[in-house]
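There are 2 protein chains.
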Amino acid sequence: MCQGCFNAPVQNSDAMALTAALLAAAGGLTQRIHEGVVARGFEGVRPAHGFAFARLAPDGATVTDLAVHLGVTKQAASQLVDELVGKGYVERRPHPADARARLVVLTEAGRACTQAAEEAAAEAVGSWADVLGEDGVRVLADGLLRVAPGGPIRPAW
Amino acid sequence: MCQGCFNAPVQNSDAMALTAALLAAAGGLTQRIHEGVVARGFEGVRPAHGFAFARLAPDGATVTDLAVHLGVTKQAASQLVDELVGKGYVERRPHPADARARLVVLTEAGRACTQAAEEAAAEAVGSWADVLGEDGVRVLADGLLRVAPGGPIRPAW
DNA sequence: GACTTATGGTCAAGTAGCTTGACTACCTCT
DNA sequence: AGAGGTAGTCAAGCTACTTGACCATAAGTC
Chain A
302 MCQGCFNAPV QNSDAMALTA ALLAAAGGLT QRIHEGVVAR GFEGVRPAHG FAFARLAPDG
362 ATVTDLAVHL GVTKQAASQL VDELVGKGYV ERRPHPADAR ARLVVLTEAG RACTQAAEEA
422 AAEAVGSWAD VLGEDGVRVL ADGLLRVAPG GPIRPAW
Chain B
302 MCQGCFNAPV QNSDAMALTA ALLAAAGGLT QRIHEGVVAR GFEGVRPAHG FAFARLAPDG
362 ATVTDLAVHL GVTKQAASQL VDELVGKGYV ERRPHPADAR ARLVVLTEAG RACTQAAEEA
422 AAEAVGSWAD VLGEDGVRVL ADGLLRVAPG GPIRPAW
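These protein sequence lines map, in sequence, to chains A and B.
Note that my numbering has the first sequence beginning at 302, numbered continuously upward.
Note that my numbering has the second sequence beginning at 302, numbered continuously upward.
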C-alpha cells in the first residue's frame, strides 16, 4: 500500500509548487468568473454568493444547508442570506414541511445572476482549453474530482 | 421530466464543477498541510505564514516583496511580519543595499517550520499519488502550472 | 549640489466577514 | 406530556485585512 508515501515521495519543492499552483488556479478562476459576472451587470456580489447560488439553484435550501455547503456557521450563512435578500437575489419562504425552517429560494434576478456566473465560468474554463486542449481540461477536472470529492469549498485561511 | 431538454448548459455546469473541485482541492490540501505543520509542533502559524516562508526561504525578502507575493497591501504584509517576529520565526535586518528597506529573513525556527511544511506538503500530495498515481499527480501539476503560471496565491473571496 | 518625484516602511483608524454565546420557536422521541 | 434536539435569529466580539497619513531614503532632473 501507499506506494511511496515515505520512500519515494514527490519532491518537497514540487509539492509546495503544486499547492501554490492549485491556489493560483482556483483563485484566478474564481476571480475571472467574478469579473465576468460583474461585467454582465451584477454588482455587489461576491464569489461566495455564487457558491450559495449553486446550492440554492435547484429547489432552494435552508440556511443550515447553506452553512454546511459553504463551510461556515449558520449565523454567517444567515447574514449572507440577509445580504442577498437586500440585493433582491433571493427570498425567504416558509418551509413546506417544517415550521421552524425557512426555505431560501432564488428570485428571478438570482436565477439571472446564476446563469451569468455559469456563462462566465464556461468562458474562463474555455480559455484554459486553449492552452490544455479540451481533453487536457477534462483530465484536469477528472483528477481533481478524484482527489477532492467533497472537500471544503471555502478557502480555509 | 426530460433531463435532456435543457438547451445544453452542460458545459456550464461542468465549468462550475471544475471551479468547485479546484477550490476543494486547494482548500483541502492547504488544510492538510497546516495540520501536518501543527502536528510537528509548530503552533500559532497560519497557512498564509507558510506561503510567506516560501518567499523568504532562499535569501530573505523585503516587506514589499512579500506583499506582492501574497497579494496583500504592504501594511498587511508588515503586520504579518510583526506577528512572525513575535513568534520567533523571522527577523528584520537592515537591507545591505537600501537604507529604506529592511530584509526579512527566516530564523532557525523559521527554517525548521518551513521544512516541516514541505514535509507535510509532500505527505499530503503523496496521498494523492495513491489515488492518481505518480504520473497522474505530475500531469495534474503540469496542467495547473500551465494555466495559472503566476496567478494570485491568496484566495480572492 | 538643490529640487522633485518615487519607493520602502510604519503608525493609526476603520471595515468586512466571520466567530462564539444566548435565546426563542418548533420538531421528535419516549 | 415532557425532555432533548434542531432551525433560525439577535447581539457582541474578533481577526485579518483595508485606506489614509506620514517619515526616511533613493533616484532622476536641472
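A virtual CB, placed ideally from N, CA and C, is assigned to each residue, including glycine.
None of these values were measured; they are calculated from a predicted model.
Judged by DSSP in its simplified three-state form, E409(B) adopts helix. At least one CB atom of chain A sits nearer than 9 Å to the CB of T331(B). With respect to the 9 Å criterion, L371(A) and L357(A) are not classified as neighbours on the basis of their beta carbons. In its chain, beyond the 5 residues on either side, L371, G372 and V373 have a beta carbon closer than 7 Å to the beta carbon of R455(B). At least one CB of chain B lies nearer than 9 Å to the CB of E419(A). By the CB criterion at 9 Å, G342(A) and A417(A) fall inside the cutoff.
For V391(B), no chain A residue has a Cβ inside 8 Å of its Cβ, as the nearest lies near 18 Å away. Residue contact with chain A for L381(B): absent (no Cβ-Cβ distance below 9 Å to any residue of chain A). Between A400(A) and A442(B), the CB-CB gap reaches or exceeds 9 Å. Of all residues in the stretch 397-427 of chain A, those with a C-beta nearer than 9 Å to a C-beta of chain B are Q416, A418, E419, E420, A421, A422, A423, E424, A425, V426 and G427, reading in chain order.
For E384(B), the uninterrupted alpha helix (DSSP H) run begins and ends at K375 to K388, by DSSP. Listed in chain order, the non-local C-beta contacts of R447(B) below 8 Å within the same chain number zero, local neighbours out to five positions each way being set aside. Nearest neighbour of F354(A) by Cα position, chosen from V391(A), G345(A), K375(A) and Q376(A), turns out to be V391(A). With a 10 Å radius around the Cβ and a threshold of 16 neighbouring Cβ atoms, V346(B) comes out buried. Taking the Cβ atoms as the reference, A316(B) lies roughly 4 Å from A423(A), within the contact range of under 8 Å.
Exclusion of the five residues before and after L404(A) leaves G361, R394 and H396 as the residues of its chain whose Cβ lies within less than 6 Å of its Cβ. The three-state secondary structure of P348(A), taken from DSSP, is helix. For P395(A), the uninterrupted beta strand (DSSP E) segment begins and ends at V391 to P395.
Here the alpha carbons of A425(B) and I334(B) stand approximately 7 Å from one another.
At a cut-off of 9 Å between beta-carbon atoms, V448(A) makes contact with chain B. Going by DSSP, T365(A) is part of the alpha helix (DSSP H) stretching over V364 to L371. About 5 Å separates the beta carbons of V438(A) and A430(A), which is inside the 8 Å limit, making them a contact pair. Contact check for L445(A) against A322(B) passes: the beta carbons are separated by less than 9 Å. Residues I334, G337 and V338 of the same chain have their beta carbon placed closer than 6 Å to that of A421(A), with the five preceding and five following residues left out of the count.
In the three-state scheme derived from DSSP, where H, G and I count as helix and E and B as strand, R401(B) is classed as coil. In this structure, the alpha-carbon of V432(A) lies about 20 Å from that of D436(B).
Contact check for L330(B) against T320(A) passes: the beta carbons are separated by less than 9 Å. Listed by position along chain B, the residues whose Cβ is nearer than 9 Å to that of V373(A) form an empty set, because the closest Cβ is around 12 Å away.
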